[in-house]
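Residue numbers (our numbering), protein chains in the order written: chain W, 25 to 459; chain Y, 25 to 459.
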């Protein structure tokens with residue numbers, strides 16, 4: 025049986041897919057936090073390069089991937105699409121399970137797709153340094169790699185709990201030439217205020233974003249880069265889904281269900297949106313889209329969809345999105361990359377419209393499926409990815425009960441080589457149920 | 025510029041290449057340690073399955089890869105061949121540098137190639153459990169994965185210094201379902217004797233082999249698996265070089281130099297032997313073959329080529345090979361997989377015949393090149409692999425000095441995701457020069 029669907033460099037998509045062209049009605053605009061009035065796109069230029077700001081509101085259905093970005097992508101893209109045939113056998117399911125393996129990237133996750141694009145646009149527009157935050161470290165190492173590739177400086181504010189849990193991820197960020205600062209830190213006014221309130225503050229993505237933004241608006245040639253949530257970030261990630269569609273064509277398959285984990289939403293959207301676009305264009309049936317989040321940070325399943333800040337210090341524009349509140353600090357679960365109070369406005373819209381179905385699981389159940397997957401397929405899922413794997417395992421079990429030969433596609437956002445401590449805890453039975 | 029040469033599953037080699045068919049004269053036979061007489065091949069049946077024992081002395085030029093082994097290979101093979109174009113640019117060299125990326129395997133190194141084959145042959149011959157040793161943990165995790173795949177039990181004796189340095193590698197071995205024992209241990213008479221002599225003994229591959237062999241000859245359905253050195257192990261690894269030749273054909277290239285690191289010799293031989301075979305058959309020019317070892321464990325550059333034991337307790341048959349002496353305990357360098365006193369008899373023969381050129385480097389220099397490679401290519405070499413990378417960097421610099429546009433091929437045996445502690449030390453400048 026064929027289990028791997030490989031594309032050549034020549035088959036790399038040359039354009040990203042822009043879902044803004046296919047929404048029924050435009051997204052609600054970002055609001056200025058002081059005036060509550062719609063933000064002029066130019067107001068974002070203090071943070072982001074012009075190309076990314078323009079992509080925030082672009083309405084072309086396809087956007088060219090610059091050739092220098094393609095050249096870096098070609099180091100590891102197209103990534104493999106694989107069939108989890110051994111997992112199917114172990115589950116005794118008639119379902120056919122595929123996974124798109126973004127763990128093949130230099131830093132082991134999908135994050136490099138937008139990191140490279142953002143570093144490129146900043147480089148050609150004269151930025152000297154990029155400041156950013158990172159949760160699990162996936163985004164921080166991706167941006168460190170991308171900045172190193174284009175000769176940009178890079179400062180990474182890393183959520184302290186992850187900084188402590190993941191020394192190897194720290195080392196990788198340093199190896200790629202970036203400076204790394206545990207957050208909250210004394211580098212910024214925002215960081216100092218959180219440390220005053222709680223010297224042992226474990227940090228959160230929301231706090232780290234506040235610090236990185238503060239570092240970026242000092243006017244010293246530093247700009248800010250965000251690893252998820254915004255439209256341009258999701259745009260860059262659509263290379264995942266575009267490749268997957270071509271690979272499924274090679275396999276002669278079309279998914280009934282597409283499953284991905286959601287923190288800020290970029291990995292999920294990067295896989296799902298091109299399938300949505302294909303359905304919108306009337307070319308294919310629309311699959312079910314299942315967004316999987318941790319029960320301890322249930323942004324989509326229990327948050328409200330309203331205007332809120334992206335960060336905890338409330339420096340960012342207000343976005344219309346599912347949110348648990350900008351001051352929500354999630355428990356220190358192993359899936360650090362899913363510990364975010366908000367959600368990409370595009371994903372929030374698709375949830376509100378009933379296109380995307382959210383579901384939440386506890387990490388104890390999630391890791392049981394992750395261990396099963398690793399033993400079956402020999403690939404260790406990142407704790408974030410493990411959420412998608414668990415949802416797929418549950419779906420496949422349901423297919424077994426009902427004898428339904430569905431095609432399940434997993435967004436395998438990254439490998440867990442830097443998260444083996446979590447697996448040690450899972451194998452020892454000491455993993456904590458948190459909600 | 026094209027930088028990645030991908031083969032499809034359909035292009036996976038269906039046979040291994042057996043160099044024994046192409047040697048000028050037969051290898052010197054293994055000797056019985058008690059009688060010093062040539063060992064009857066059947067004497068090895070206490071340790072290994074019949075198929076592997078037969079492969080030790082097979083003279084067919086090609087050996088079929090069993091279909092169930094191919095099926096497991098297809099989960100990650102063929103592995104990519106990539107051009108290190110960014111590294112070339114940074115070095116300002118006219119050389120063209122390619123690397124065959126075995127880090128794409130489930131456990132991150134070439135070791136799975138023989139682990140899967142050995143687990144398969146043991147399974148069909150009725151073995152219940154495999155016992156083995158591991159240095160850096162690459163082999164232990166590979167065998168754990170392979171045994172898990174075929175439903176075999178697995179006990180891994182892990183060199184204590186690596187056991188302490190690499191908790192994540194330990195976790196991976198456990199994740200794949202194997203039992204793991206730090207060596208020397210109190211499980212075996214051999215282990216107990218080393219602990220009596222030195223309760224803080226850091227262990228070595230030689231000692232761990234003694235323990236695994238002792239565990240295997242108790243007659244309880246346990247057999248032994250070796251991750252390098254023996255002819256059948258090198259045979260299984262030739263899938264690397266066979267794929268690489270096809271990929272270089274796609275690139276329209278043939279190497280002037282092939283570089284690999286050597287511990288026991290299997291990764292090096294797996295890449296190099298098929299090139300040797302092509303030259304022997306008169307189809308292509310013979311490249312230079314450079315075998316890179318740590319200066320602190322200089323088996324090929326400073327050892328003698330003579331009959332010696334493979335293990336420290338002198339339980340194994342005597343092999344004619346380069347050796348530093350069966351009781352040599354190498355310093356605790358980060359490249360745990362290269363800490364072995366002996367060498368594959370096939371590699372030893374090719375060195376003695378002048379076909380393979382050995383060279384030795386210190387880990388401080390090796391890690392400088394590894395950091396350079398990681399920053400250039402976004403892929404972190406394992407400390408073992410870093411030795412080959414360093415030699416290639418040195419060769420490429422020489423090409424720059426002489427304006428020679430040579431083609432350099434690196435055997436990239438594995439990634440360093442479980443060795444980031446070594447990179448932290450390298451970046452902090454605290455890495456020790458050991459010889």
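The C-beta atom is built at its ideal place from N, Cα and C for all residues, glycine as well.
Listed along chain W is no residue with a C-beta nearer than 7 Å to that of residue 357 of chain Y; the closest approach is about 18 Å. The alpha-carbon separation between residue 347 of chain Y and residue 186 of chain Y amounts to approximately 22 Å. According to the DSSP assignment, residue 382 of chain W belongs to the beta strand (DSSP E) that extends over 380-385. Taking 9 Å as the cut-off, the beta carbon of residue 146 of chain Y is found no closer than this to the beta carbon of residue 115 of chain Y. Distance from the Cα of residue 358 of chain W is smallest, within the candidate group W/386, W/141 and W/337, for W/386.
Taken in chain order, the unbroken stretches of alpha helix (DSSP H) that lie wholly in the segment 198-286 of chain W and span 4 residues or more are 213-221, 229-240, 255-261 and 263-275. Going by DSSP, residue 357 of chain Y is part of no beta strand (DSSP E) at all; its letter is neither H nor E.
The beta carbon of residue 404 of chain W falls within 9 Å of a beta carbon belonging to chain Y, placing the residue at that interface.
From the listed residues W/59, W/241, W/215 and W/322, the smallest Cα separation to residue 372 of chain W is found for W/322. The three-state secondary structure of residue 155 of chain Y, taken from DSSP, is strand. Straight-line measurement puts the Cα of residue 118 of chain Y at about 25 Å from the Cα of residue 300 of chain Y.
For the pair of segments examined, the segment 162-182 of chain Y was found to touch the segment 203-213 of chain Y: the number of CB pairs separated by less than 8 Å reaches three.
For residue 148 of chain Y, the enclosing alpha helix (DSSP H) stretches over residues 136-148. Listed in chain order, the alpha helix (DSSP H) runs fully inside the segment 51-87 of chain W are 74-81, counting runs of at least 4 residues. Contact of residue 444 of chain W with chain Y by beta-carbon distance below 9 Å involves 191, 192, 193, 194, 195, 196, 199 and 442. Taking 9 Å as the cut-off, the Cβ atoms of residue 226 of chain W and residue 388 of chain W do not count as close.
At a cut-off of 9 Å between beta carbons, residue 116 of chain Y makes no contact with chain W. Out of W/360, W/439 and W/440, the CA that lies nearest to the CA of residue 232 of chain W is found in W/360. Contacts between residue 26 of chain Y and chain W, judged by CB atoms closer than 7 Å, involve 33 in chain order.
Only residues of its own chain outside the window of five on either side were considered, and among them 80 have a CB closer than 7 Å to the CB of residue 254 of chain W, listed in chain order. Under the DSSP assignment, residue 89 of chain Y falls outside any beta strand (DSSP E); it carries neither an H nor an E label.
When the five nearest sequence neighbours on each side are left out, the beta carbons in the same chain lying within less than 8 Å of the beta carbon of residue 61 of chain Y are those of 55, in order along the chain. Taking 9 Å as the cut-off, the beta carbon of residue 397 of chain Y is found no closer than this to the beta carbon of residue 383 of chain Y.
The DSSP-derived three-state label of residue 32 of chain W is coil. For residue 365 of chain Y, the three-state secondary structure derived from DSSP is coil. Chain-ordered listing is empty here: chain W has no CB closer than 9 Å to the CB of residue 122 of chain Y, the nearest sitting near 13 Å. For residue 172 of chain W, the chain Y residues whose C-beta falls within less than 7 Å of its own C-beta are 399, listed in chain order. Going by beta carbons, residue 67 of chain Y and residue 369 of chain Y fall outside the 9 Å limit. Listed along chain Y is no residue with a C-beta nearer than 9 Å to that of residue 112 of chain W; the closest approach is about 13 Å. Separation of the CB atoms of residue 267 of chain Y and residue 102 of chain Y is rounded to 5 Å, and the pair is thereby assigned contact status at 8 Å. One Cα belongs to residue 213 of chain W, the other to residue 257 of chain W, and the distance between them is close to 27 Å. Judged by beta-carbon spacing, residue 416 of chain Y lies beyond the 9 Å limit of residue 407 of chain Y, meaning their Cβ atoms are not closer than that value. Only residues of its own chain outside the window of five on either side were considered, and among them 163, 164, 167, 178, 179, 180, 181, 236, 248, 249, 250 and 251 have a CB closer than 8 Å to the CB of residue 156 of chain Y, listed in chain order. Here the C-alpha atom of residue 218 of chain Y lies approximately 26 Å from the C-alpha atom of residue 245 of chain Y. In this structure, the straight-line span from the alpha carbon of residue 230 of chain W to that of residue 94 of chain W is close to 31 Å.
Between the alpha carbons of residue 435 of chain Y and residue 284 of chain Y lies a distance of about 5 Å.
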